[in-house]
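Peer 1: The structure under discussion is supplied below as structure tokens; questions concerning it will follow.
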Amino acid sequence: MLSDEYRLSNIVEDKDIKTLSKAQFPGPHCPLFGAVMTASYIEDLTLLIIGTEECTYYGKDFAMIRQNGKDRVYSAVLEQHDITFGCEEDLKNIIKEIDRKEKPKALMVITTCVVELIGEDVESILRSLRKEVDTKLLIVKTEHFKCNSHIDGVKKALEQLASLMIPMEKKERTVNILGFKYLGIEKTELYKELRRNNVDISMTIPTKVNIESIQKAVASSLNIVVEPTAMGLAEEMKNQLDIPYIVFPMALDVDKIKDAYEQIGDILDIDFDYIVKEKYNTVNDNLITAKQYLRDKTFIYGNTPFNCFEFCLFLVELGMVPIIIQCRELMKDDRKVIDELIDRGIDPYIVRMANIAPLRRIYDELSPNYYFGHESPMTLAKHNIIQVVTDNCAKKLGFEKITEVIDTIINEKGIFSLMGGDNIVLEDKVKDKIKNLKNVPKPMKDLLMNMKEMPQGMKEALLTVDEKDSLIDMMKSHGNRMERRH
Amino acid sequence: MKLYRDNPIASDRMGILWALNGIEDAVIIEFGPAGTTHFSIEGLMQFGIDIKAKTFTTHMDEHDVTFGNEDRIIDAIIEVDLIEKPKYLFVIGSSITSIIGIDLESVRLQVQDKIRSKIILLPDCDFQNDYRYGVEMTLKILVDEVVKNAPVLEKSQYYNILGLGIYDYNRSSDLYEIRRLMKDNFSLELATTFMLDTNLESIEQASRAMINIVIHEEGIAAAEILREQYNQPYICVTPYGIKGTKKWLKCIGDLLNISYNSTDNNELELIAYKESDLKRRISKLDNNRVYINNNIHNKCLEDYLSDLGFKKTNDNKKSIINFSDGIEALKKPNVIQINYPSFGQENGYQYTPYMGYRGAHYLAQKIYNTITKAEVLN
Chain A
1 MLSDEYRLSN IVEDKDIKTL SKAQFPGPHC PLFGAVMTAS YIEDLTLLII
51 GTEECTYYGK DFAMIRQNGK DRVYSAVLEQ HDITFGCEED LKNIIKEIDR
101 KEKPKALMVI TTCVVELIGE DVESILRSLR KEVDTKLLIV KTEHFKCNSH
151 IDGVKKALEQ LASLMIPMEK KERTVNILGF KYLGIEKTEL YKELRRNNVD
201 ISMTIPTKVN IESIQKAVAS SLNIVVEPTA MGLAEEMKNQ LDIPYIVFPM
251 ALDVDKIKDA YEQIGDILDI DFDYIVKEKY NTVNDNLITA KQYLRDKTFI
301 YGNTPFNCFE FCLFLVELGM VPIIIQCREL MKDDRKVIDE LIDRGIDPYI
351 VRMANIAPLR RIYDELSPNY YFGHESPMTL AKHNIIQVVT DNCAKKLGFE
401 KITEVIDTII NEKGIFSLMG GDNIVLEDKV KDKIKNLKNV PKPMKDLLMN
451 MKEMPQGMKE ALLTVDEKDS LIDMMKSHGN RMERRH
Chain B
1 MKLYRDNPIA SDRMGILWAL NGIEDAVIIE FGPAGTTHFS IEGLMQFGID
51 IKAKTFTTHM DEHDVTFGNE DRIIDAIIEV DLIEKPKYLF VIGSSITSII
101 GIDLESVRLQ VQDKIRSKII LLPDCDFQND YRYGVEMTLK ILVDEVVKNA
151 PVLEKSQYYN ILGLGIYDYN RSSDLYEIRR LMKDNFSLEL ATTFMLDTNL
201 ESIEQASRAM INIVIHEEGI AAAEILREQY NQPYICVTPY GIKGTKKWLK
251 CIGDLLNISY NSTDNNELEL IAYKESDLKR RISKLDNNRV YINNNIHNKC
301 LEDYLSDLGF KKTNDNKKSI INFSDGIEAL KKPNVIQINY PSFGQENGYQ
351 YTPYMGYRGA HYLAQKIYNT ITKAEVLN
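Those sequence lines, one after another, are chains A and B.
Quick note on numbering: the first sequence equals residues 1 to 486 in the UniProt record's numbering.
Quick note on numbering: the second sequence equals residues 1 to 378 in the UniProt record's numbering.
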């Protein structure tokens, strides 16, 4: 199934990355998903999705779940007549109706595959409406046949937010954090260090924002970009509003993190030397310890919140050996990292991500020690592969991110580490219970016994379950759901 | 173009995929952008079931769209045939392939001789019909391509169900109650439902059934084909309430020309008492208007509610009680959920039917309590 044409050394451009099979399951998410995900962080932003019943129904569904039924998503569903003759007049009337009835502060219009396919120029339609409606109109195009994943939709949705901003006087020592997609920015190292030096964080986007805070963010004197999808927004804010930005690296590279702190320090006039003294050497010591444990261990890269090649280079530096890297799409900055991997004699197979079905058929043949990313824990357990899921590591910013990744690998935190917030170390009584369970196959018992941490809810479920009950369905259901969430 | 504040009405294509995903061993390939498939697989989670059918996607890029390239679907069919070895391979296009005019029939002709699976083509989306039409088409296709593909079996003590799918809100409990009534009253076993907790082998054996029970109208067209082909009579009545269930059982008995065993009289008496009690209460209400969500088309439900003493209204703000979807049910105390969409709600417990005698009991109780809630909170 895998031939040399899949090797990293043969990848020059994105089209060189092949799918492992022609029939994909489940396939990547589309840009519509990315755009709705990003926009639904902003509580008072109204969305209008234009497309088929299917795209609008599922887009609405997704937003509703994310926002606990409090979403502001409208659907404009195309009918046969619209496909043939266009939908300009109808769309204008719909936008005017939303403007009149809901009076939204801003309306993000999201077009989907069919709208772009029939060549409807929604951008011009919105431009022609700007004087007729009070709401600010934004547009995000999400045709999936022009890209390979949801990332494009995330980038475009973020970029559009710049159009909500109007120039205003700058405030000293006030910054925005761009691209942080999780709750709990206050708990991150970067945030704490900024606050410790009396820096105000005006806006963290896309989380913790509403339209008012987005507008006020213009007063900040610096943007700190913590995730590549926010680069477009940073560029827009630099060009339109003259706000400089620095990139705080996602890469797990101590020197780049040190440099980023120094750059922020230079702009905001802060001496961050103390952080470097405190943390730089500690992280380096952790890396040396991890190397001893992970040397020569092999892995399949599935997905992480990090850039796939940068993450793999980090693991290679720890002495690990990639067998397969599943790649979403080749980014323009990947070349340098790819060359570095090849220079080190690392030449794994590269396949397009989100197609795990064919990969499962060769797990035994490849027999990796680790799988990084979302997969059914049951499937991996059957092949004696240790699952590591690093989603929670992206919630860290700074040197702490590297520490968290190492901890996640060493402690073999799999997909169940994402369930619940309070991880509890396995107690003897839980282990005894697992041992005594009757209708549980050995791989599942091994999986449970090897969990060094377990969410509280799962521990309670295990302790209360009857020893003769079958856990297979329960575990499968959890596994499938977690897998599909990816 | 139609504007929706809530979920739009699901399309024919969605109905096709919902119907097929109720068949455990169905293997489906979609020719379209991958995100459509990923979204639809996740969308099935709202139904709260463990999907065993396999849905693959080919994905499409700009080149495929511009030049109408069919290579991806041909390669995918050959690969899935080789690896999954399904007896039947369902192939469906997408909105994009419909617009650019991909001819899936020509794809089938090109590839059918090269594979062992029988390709079953599903209709293109037509941008005008809803999911019930998609379900109707799928049921007809299953009868034409799967049942007729199999040997005709001698009739025995079986029945089929048509028009009850994973997308029906109370399907687990209603299916359980229907099976109970059919077993207790006619000693018949379920052969297949065609699209719920079933498999392709059971569907192939549908000709052995003595009768087809059509629960919702989308099953009628397939039932007509089965009647013509296998001389199977069918009944299309949804058994709501005592009166509705009695009528349903009588129709089945008449069609089969057998007298049926009556259900436990003590239980029936209690249910009749509860239903009468509810009727008395409704007759005393100042507001006895009931609203049924526009997406629900079921005359039997309307007849049942009318028989209880409700008057139907098209204004959900003037009704005392609403029958609607899970979203409205989450937000309003006077809503009884009867269809999807829904989120964050489990409904797997299978002993709370709306249909049949026990459904009459449970629904009477639910309506009674919902009226109380509506009165307290108003």
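Where is the CB? At the ideal position from N, CA and C, for every residue including glycine.
Predicted model, so just to flag it, every value in this text is computed and none were measured.
Need the endpoints of the beta strand (DSSP E) that M108 (chain A) sits in, please.
Peer 2: Against the first sequence, residue 108 (chain A) aligns to sequence position 108. Unbroken beta strand (DSSP E) run through M108 (chain A): 106–111.
Peer 1: Starting from Y159 (chain B), follow the beta strand (DSSP E) in both directions and report where the run begins and ends.
Peer 2: Sequence index remark: in the second sequence, residue 159 (chain B) carries index 159 (1-based). It spans 158–162 - the beta strand (DSSP E) in which Y159 (chain B) sits, taken as one unbroken run.
Peer 1: Can you pull the chain A neighbours of Q46 (chain B), defined as C-beta to C-beta under 8 Å?
Peer 2: Along the second sequence, read from residue 1 onward, the residue named residue 46 (chain B) stands at position 46. Result: D61.
Peer 1: Please report how far the alpha carbon of I324 (chain A) lies from the alpha carbon of Y363 (chain A), in whole angstroms.
Peer 2: The residue given as residue 324 (chain A) occupies position 324 in the first sequence. The residue given as residue 363 (chain A) occupies position 363 in the first sequence. If you take the alpha carbons of I324 (chain A) and Y363 (chain A), they lie about 11 Å apart.
Peer 1: Tell me, please, whether the CB atom of M482 (chain A) is closer than 9 Å to any CB atom in chain B?
Peer 2: Position 482 of the first sequence, counted from the start, is the residue given in the question as residue 482 (chain A). Here the model assigns M482 (chain A) a pLDDT of 47, short of 50, so the residue's position is not dependable, and the following value carries that caveat. Closer than 9 Å: no.
Peer 1: S98 (chain B): which of B:F127, B:L3, B:I83, B:G326 sits nearest, CA to CA?
Peer 2: As a position in the second sequence, residue 98 (chain B) is number 98, starting the count at 1. Of B:F127, B:L3, B:I83, B:G326, the residue nearest in Cα terms is B:F127.
Peer 1: Does the CB of D197 (chain B) have a neighbour CB from chain A at under 9 Å?
Peer 2: The count along the second sequence starts at 1 and reaches residue 197 (chain B) at position 197. So no, D197 (chain B) is outside the interface.
Peer 1: For my contact list, D174 (chain B) and M355 (chain B) are in at a C-beta cut-off of 8 Å; report their separation, rounded to the angstrom.
Peer 2: As a position in the second sequence, residue 174 (chain B) is number 174, starting the count at 1. As a position in the second sequence, residue 355 (chain B) is number 355, starting the count at 1. Yes, D174 (chain B) and M355 (chain B) are in contact; Cβ-Cβ is about 4 Å, under 8 Å.
Peer 1: Secondary structure at Y167 (chain B), three-state DSSP: helix, strand or coil?
Peer 2: To locate residue 167 (chain B), count along the second sequence from 1; it is residue 167. Coil at Y167 (chain B), not helix or strand.
Peer 1: Spatial neighbours of Y4 (chain B) within its chain, please: C-beta separation below 6 Å, excluding the five flanking residues on both sides.
Peer 2: In the second sequence, the residue the question calls residue 4 (chain B) occupies position 4. For Y4 (chain B), where only same-chain residues beyond five positions count, there are no Cβ hits under 6 Å.
Peer 1: Measuring only the C-alpha atoms, how far is S202 (chain B) from R361 (chain A)?
Peer 2: Walking along the second sequence from the start, residue 202 (chain B) turns up at place 202. Walking along the first sequence from the start, residue 361 (chain A) turns up at place 361. Each residue's Cα considered, the two are about 29 Å apart.
Peer 1: Mind pulling the chain A residues with CB within less than 7 Å of P341 (chain B)?
Peer 2: Position 341 of the second sequence, counting from 1, holds the residue named residue 341 (chain B). Ordered by position in chain A, the residues that pass the 7 Å Cβ test against P341 (chain B) are D61.
Peer 1: Could you give the DSSP three-state label for S202 (chain B): helix, strand or coil?
Peer 2: Numbered from 1 along the second sequence, position 202 holds the residue referred to as residue 202 (chain B). Three-state DSSP puts S202 (chain B) in a helix.
Peer 1: Assign F67 (chain B) to one of three DSSP states: helix, strand, or coil.
Peer 2: As a first step, residue 67 (chain B) must be located in the second sequence, where it is residue number 67. Three-state DSSP puts F67 (chain B) in a helix.
Peer 1: At the level of alpha carbons, what is the spacing between D347 (chain A) and Y133 (chain B)?
Peer 2: As a first step, residue 347 (chain A) must be located in the first sequence, where it is residue number 347. As a first step, residue 133 (chain B) must be located in the second sequence, where it is residue number 133. Distance between the alpha carbons of D347 (chain A) and Y133 (chain B) is about 52 Å.
Peer 1: Please confirm whether I434 (chain A) and K445 (chain A) have their CB atoms less than 9 Å apart.
Peer 2: Start at 1 with the first residue of the first sequence, and residue 434 (chain A) comes out as number 434. Start at 1 with the first residue of the first sequence, and residue 445 (chain A) comes out as number 445. Cβ distance < 9 Å, so I434 (chain A) and K445 (chain A) count as in contact.
Peer 1: Going by beta carbon distance, what residues of the same chain come within less than 7 Å of T142 (chain A), once the five residues before and after it are set aside?
Peer 2: Here residue 142 (chain A) refers to the residue found at position 142 of the first sequence. Result list for T142 (chain A): C30, P31, L32, A35, I110, T111, T112, G153, in chain order.
Peer 1: Along the chain, where does the beta strand (DSSP E) containing T192 (chain B) start, and where does it finish?
Peer 2: On the second sequence, residue 192 (chain B) is found 192 positions in, with the first residue counted as 1. Note, T192 (chain B): beta strand (DSSP E), 189–192.
Peer 1: Flag this pair as yes or no: are the beta carbons of K312 (chain B) and R281 (chain B) separated by less than 9 Å?
Peer 2: Stepping through the second sequence from its first residue, residue 312 (chain B) is reached at position 312. Stepping through the second sequence from its first residue, residue 281 (chain B) is reached at position 281. Their beta carbons are not under 9 Å apart, which means K312 (chain B) does not touch R281 (chain B) by this criterion.
Peer 1: Identify every run of the beta strand (DSSP E) within the segment 211–257 of chain A, keeping only runs that are complete inside it and at least 3 residues long; order them along the chain.
Peer 2: Listed in chain order, the complete beta strand (DSSP E) runs (minimum 3 residues) inside the segment 211–257 of chain A are 222–225, 245–247.
Peer 1: Tell me which residues of the segment 8–35 of chain B have at least one Cβ-Cβ distance to chain A shorter than 8 Å, keeping chain order.
Peer 2: Taking 8 Å as the Cβ-Cβ cut-off against chain A, the residues of the segment 8–35 of chain B that qualify are P8, I9, A10, S11, R13, M14, I29, P33, A34, G35.
Peer 1: Tell me, which residues are paired with L76 (chain A) by DSSP?
Peer 2: Working through the first sequence from its first residue, we reach residue 76 (chain A) at position 76. In the sequence as displayed, the identity of residue 76 (chain A) is Ala instead of Leu. DSSP lists A:I50, B:L3 as partners of A76 (chain A).
Peer 1: Give the C-beta separation of I92 (chain B) and I28 (chain B) to the nearest angstrom, bearing in mind that I take them to be a contact with Cβ-Cβ under 8 Å.
Peer 2: The count along the second sequence starts at 1 and reaches residue 92 (chain B) at position 92. The count along the second sequence starts at 1 and reaches residue 28 (chain B) at position 28. Going by Cβ atoms, the distance from I92 (chain B) to I28 (chain B) rounds to 6 Å, so yes, they are a contact pair.
Peer 1: Count the other C-beta atoms from every protein chain shown that fall within 10 angstroms of the C-beta of M1 (chain A), then say buried if there are 16 or more, exposed otherwise.
Peer 2: Reading the first sequence from its first residue, position 1 is the one you call residue 1 (chain A). Exposed, since its Cβ has fewer than 16 Cβ neighbours within 10 Å.
Peer 1: Taking DSSP as the reference, what is the three-state secondary structure of I51 (chain B)?
Peer 2: To locate residue 51 (chain B), count along the second sequence from 1; it is residue 51. The answer is coil: DSSP assigns I51 (chain B) none of H, G, I, E or B.
Peer 1: Using Cβ-Cβ distances below 7 Å, what residues of the segment 136–159 of chain A are close to chain B?
Peer 2: So the list reads H144, F145, K146, given in the order they occur along the chain.
Peer 1: Using the three-state DSSP reduction, which class does L121 (chain B) fall into: helix, strand or coil?
Peer 2: Stepping through the second sequence from its first residue, residue 121 (chain B) is reached at position 121. Strand.
Peer 1: Under 6 Å Cβ to Cβ from F62 (chain A), same chain only, skipping five residues before and after it: list those, please.
Peer 2: Within the first sequence, residue 62 (chain A) is the residue found at index 62, counting from 1. The residues are V36.
Peer 1: Would you kindly check if the distance between the Cβ of P151 (chain B) and the Cβ of F145 (chain A) is under 9 Å?
Peer 2: Here residue 145 (chain A) corresponds to residue number 145 of the first sequence, with the count starting at 1. Here residue 151 (chain B) corresponds to residue number 151 of the second sequence, with the count starting at 1. No, the pair does not count as a contact, with Cβ atoms beyond the cut-off.
Peer 1: Can you name the residues that DSSP bridges to D130 (chain B)?
Peer 2: Walking along the second sequence from the start, residue 130 (chain B) turns up at place 130. Beta-bridge pairing links D130 (chain B) to B:S11.
Peer 1: Could you check whether the Cβ of R72 (chain B) sits closer than 9 Å to any Cβ belonging to chain A?
Peer 2: Here residue 72 (chain B) refers to the residue found at position 72 when the second sequence is read from its first residue. Cβ-Cβ to chain A under 9 Å: yes for R72 (chain B).
Peer 1: From the DSSP output, in three-state form, read off L380 (chain A) for me.
Peer 2: Counting from one through the first sequence, the residue named residue 380 (chain A) turns up at place 380. Helix.
Peer 1: Straight-line CA distance for I246 (chain A) to D266 (chain A)?
Peer 2: Taking the first sequence and counting its residues from 1, the one referred to as residue 246 (chain A) is at position 246. Taking the first sequence and counting its residues from 1, the one referred to as residue 266 (chain A) is at position 266. Spanning the two alpha carbons is a distance of roughly 11 Å.
Peer 1: Return the chain-ordered list of same chain residues with a C-beta closer than 8 Å to the C-beta of I213 (chain B), the five sequence neighbours on each side being excluded.
Peer 2: Translated into positions along the second sequence, residue 213 (chain B) becomes position 213. Excluding residues within five positions, the ones whose Cβ falls inside 8 Å are Y159, N160, I161, L162, I178, M182, Y234, I235, I252.
Peer 1: Check whether the Cβ atoms of D168 (chain B) and P86 (chain B) lie closer than 9 Å to each other.
Peer 2: As a first step, residue 168 (chain B) must be located in the second sequence, where it is residue number 168. As a first step, residue 86 (chain B) must be located in the second sequence, where it is residue number 86. No, the pair does not count as a contact, with Cβ atoms beyond the cut-off.
Peer 1: What residue ranges within the segment 313–377 of chain B form continuous beta strand (DSSP E) runs of no fewer than 3 residues, ordered along the chain?
Peer 2: You should have 321–325, 335–339.
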